[in-house]
Amino acid sequence: VMIVNLVVWYDYTSAILREAIDKLNNAEYKSMEERLELVKRICELALEDGVHVWVIDQLQVYPVNARLGSFVTDLYGGCMSFWFLRTLRLATGTGGDVKLGNRLMFIEGFNPIAGFSWLYDVYAYYLVADPGVFPHPHTGIYIPIRAEYTVTTAGPDGKLNVPADALIYDLASEKFVSVGEGVKATSKVTYKFTLGKWHHGQPITKADILYGIAETFKVTLKESPLYDPVAASPGRVLFTTNLKGVKFIADDTVEVYVDYWHVDNSYIASMASVWVDTPWEVLVLMNEAVLEKKLAWSVDMADEWGVDQLDLTKGPSIPILKDILDKLVEENSIPPELEGIVSPADAKARWSALKSFYEERGHFWVSNGPYTFASADPTALQMILEAFREYPFKADRWDGMITMKVPSVRVVKAPEDVIPGLEATFN
Numbered sequence: 006v007m008i009v010n011l012v013v014w015y016d017y018t019s020a021i022l023r024e025a026i027d028k029l030n031n032a033e034y035k036s037m038e039e040r041l042e043l044v045k046r047i048c049e050l051a052l053e054d055g056v057h058v059w060v061i062d063q064l065q066v067y068p069v070n071a072r073l074g075s076f077v078t079d080l081y082g083g084c085m086s087f088w089f090l091r092t093l094r095l096a097t098g099t100g101g102d103v104k105l106g107n108r109l110m111f112i113e114g115f116n117p118i119a120g121f122s123w124l125y126d127v128y129a130y131y132l133v134a135d136p137g138v139f140p141h142p143h144t145g146i147y148i149p150i151r152a153e154y155t156v157t158t159a160g161p162d163g164k165l166n167v168p169a170d171a172l173i174y175d176l177a178s179e180k181f182v183s184v185g186e187g188v189k190a191t192s193k194v195t196y197k198f199t200l201g202k203w204h205h206g207q208p209i210t211k212a213d214i215l216y217g218i219a220e221t222f223k224v225t226l227k228e229s230p231l232y233d234p235v236a237a238s239p240g241r242v243l244f245t246t247n248l249k250g251v252k253f254i255a256d257d258t259v260e261v262y263v264d265y266w267h268v269d270n271s272y273i274a275s276m277a278s279v280w281v282d283t284p285w286e287v288l289v290l291m292n293e294a295v296l297e298k299k300l301a302w303s304v305d306m307a308d309e310w311g312v313d314q315l316d317l318t319k320g321p322s323i324p325i326l327k328d329i330l331d332k333l334v335e336e337n338s339i340p341p342e343l344e345g346i347v348s349p350a351d352a353k354a355r356w357s358a359l360k361s362f363y364e365e366r367g368h369f370w371v372s373n374g375p376y377t378f379a380s381a382d383p384t385a386l387q388m389i390l391e392a393f394r395e396y397p398f399k400a401d402r403w404d405g406m407i408t409m410k411v412p413s414v415r416v417v418k419a420p421e422d423v424i425p426g427l428e429a430t431f432n
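Everything in the sequence shown is counted per my numbering, starting at 6 for the first residue and increasing by one.
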């Protein structure tokens, strides 16, 4: 696999560069041609202001044991990818054990809000947590993982009507409220979820989706006590800034209205995705630890507060979370956002399942992917993942991607010399 990376460190004080970057990130263009012109302009400005420009041209080699069977290779990431790990299995079929080597282990805390920012940490996340959509390994187009989608857009210039009974999150009241009459949006994405179960055995529900949306606002808005500048990633800010409303058609189907357009509809589906990889009670548990400033979402805030970064799987976070869990179990806590949606009996079942999961596993990382996080050994630098046998998809779900579809390339006739400033022709 030939990988060429151009890495540019640029001066954010360049107002023209900042404006161009924001336009590209916010999809403020009306055609593919305008988008390409923005990309070209950003490259030019970044090179002008670049402090360091690194060009890496390398041939990546991946040793693979002959006991392994077929797997999906990513055209960009090779074996260091979501898809390779997801589709890995032995030549003898499903089942069995595989040992994987990792260059570095446990660099940052494992939490879904501001953890997993390192390449070597994210491998665990790729296996344990399911996204709603994810880029196809050969095309880059976002495809459904747990969220089938249909995109309706009036963009880049038109508008759609948002139903008056669609919901939007209000941080001040910690409630979802109706958007009311007269609200417009650029695009609508209808998602149909494959819900399934969480790793502690409880069903994934509408309540998890709603609280996941609320959580995005809580960690992104500066006026929130849970705000963290690292957690307020560009993707989350884009979502909270442009969300106009959500409307559930059924427990597994939701319409999401956003003021966002892209030349590729799959990118609209990715931007508007409301699928969640953490149950609401685990989010509540983590929120309490951060609100009390006993733990922090990011390394940056942990350093500022003089505490540890929140880690659901190991270290000093575990006894802190355990004490908070005991309190929440006793209270049978239901967050304000879910009052009237989650019954006391539902809440009791969730808290009981989380407590049992902790007592069995010794950690709190409950998610919904094909593997359950079994244990971490920070001394030996090892972690064990176990197949989640109630996962809704079979091992052969992605076998259609095993044979890589590589575009054909033909040699072009190029001039031997190109003189800057003069025309050159490539046939």
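Glycine included, C-beta positions come from ideal geometry on N, C-alpha and C.
Tell me which same chain residues have a C-beta within less than 8 Å of the C-beta of residue i, skipping the five on either side of it?
{"i": "V69", "result": "C84"}
{"i": "K223", "result": "L176, S229, L231, Y232 and N292"}
{"i": "T155", "result": "V194 and T195"}
{"i": "L73", "result": "L93, R94, L95, A96 and V103"}
{"i": "Q207", "result": "P284, A354, R355 and A358"}
What does a CB cutoff of less than 6 Å around residue i pick up in its chain, not counting 5 residues either side in sequence?
{"i": "S75", "result": "I407"}
{"i": "L93", "result": "F76"}
{"i": "N166", "result": "none"}
{"i": "A381", "result": "T318, K319 and M388"}
{"i": "T157", "result": "K193"}
{"i": "K164", "result": "K189"}
{"i": "R241", "result": "T221 and T225"}
{"i": "P161", "result": "K35 and W266"}
{"i": "P383", "result": "F111 and K319"}
In the DSSP assignment, find the unbroken alpha helix (DSSP H) run with residue i in it and report its ends.
{"i": "W370", "result": "Here W370 belongs to no alpha helix (DSSP H), and DSSP marks it neither H nor E."}
{"i": "S275", "result": "N270 to M276"}
{"i": "P324", "result": "S322 to E336"}
{"i": "F89", "result": "F87 to T92"}
{"i": "L50", "result": "M37 to D54"}
{"i": "E260", "result": "Note, E260: premise wrong, no alpha helix (DSSP H); beta strand (DSSP E) at T258 to V263."}
{"i": "Y396", "result": "No alpha helix (DSSP H) contains Y396, which DSSP labels as neither H nor E."}
{"i": "K410", "result": "From DSSP, K410 is part of no alpha helix (DSSP H); its letter is neither H nor E."}
In this structure, does DSSP put residue i in helix, strand or coil?
{"i": "E428", "result": "coil"}
{"i": "S361", "result": "helix"}
{"i": "V12", "result": "In this prediction, V12 scores a pLDDT of 42, lower than 50, which makes its location untrustworthy; no coordinate-derived value is stated."}
{"i": "L80", "result": "coil"}
{"i": "I218", "result": "helix"}
{"i": "E342", "result": "helix"}
{"i": "L105", "result": "coil"}
{"i": "K189", "result": "strand"}
{"i": "G100", "result": "coil"}
{"i": "I173", "result": "strand"}
{"i": "N166", "result": "strand"}
{"i": "D27", "result": "helix"}
{"i": "V127", "result": "helix"}
{"i": "K418", "result": "coil"}
{"i": "G120", "result": "coil"}
{"i": "W356", "result": "helix"}
{"i": "V133", "result": "helix"}
{"i": "D282", "result": "coil"}
{"i": "A32", "result": "coil"}
Return the chain-ordered list of same chain residues with a C-beta closer than 7 Å to the C-beta of residue i, the five sequence neighbours on each side being excluded.
{"i": "L288", "result": "Y216 and E220"}
{"i": "T99", "result": "A400"}
{"i": "I329", "result": "L290, E293 and A294"}
{"i": "P321", "result": "D313"}
{"i": "E286", "result": "R355, W356 and L359"}
{"i": "D264", "result": "A190, T191, N247 and K249"}
{"i": "A32", "result": "Y265, W266 and H267"}
{"i": "S303", "result": "A119, D233, V235, A236 and Q314"}
{"i": "L43", "result": "A25, K28, L29 and Y34"}
{"i": "M110", "result": "Y125 and L386"}
{"i": "V371", "result": "W203, H204, H205, P284, V287, L359 and F362"}
Could you tell me the boundaries of the beta strand (DSSP E) in which residue i lies?
{"i": "T195", "result": "S192 to F198"}
{"i": "F115", "result": "No beta strand (DSSP E) holds F115; DSSP gives it neither H nor E."}
{"i": "V58", "result": "V58 to L64"}
{"i": "E179", "result": "First-last for E179: undefined, no H or E at that position."}
{"i": "A152", "result": "A152 to T158"}
{"i": "V138", "result": "V138 to P140"}
{"i": "Y147", "result": "Y147 to P149"}
Run through the DSSP bridge pairs and tell me what residue i is partnered with.
{"i": "S380", "result": "I389"}
{"i": "V347", "result": "E344"}
{"i": "F253", "result": "V259"}
{"i": "L95", "result": "L73 and G98"}
Query raised in the report: Counting only runs that start and end within the segment 285-319, where is the alpha helix (DSSP H) found for 4 or more residues in a row?
Result: 285-296 and 304-310
Requested in this report: Could I get the ranges of all uninterrupted alpha helix (DSSP H) runs contained in the segment 200-249, with 4 residues as the minimum, in chain order?
Outcome: 211-225 and 239-247
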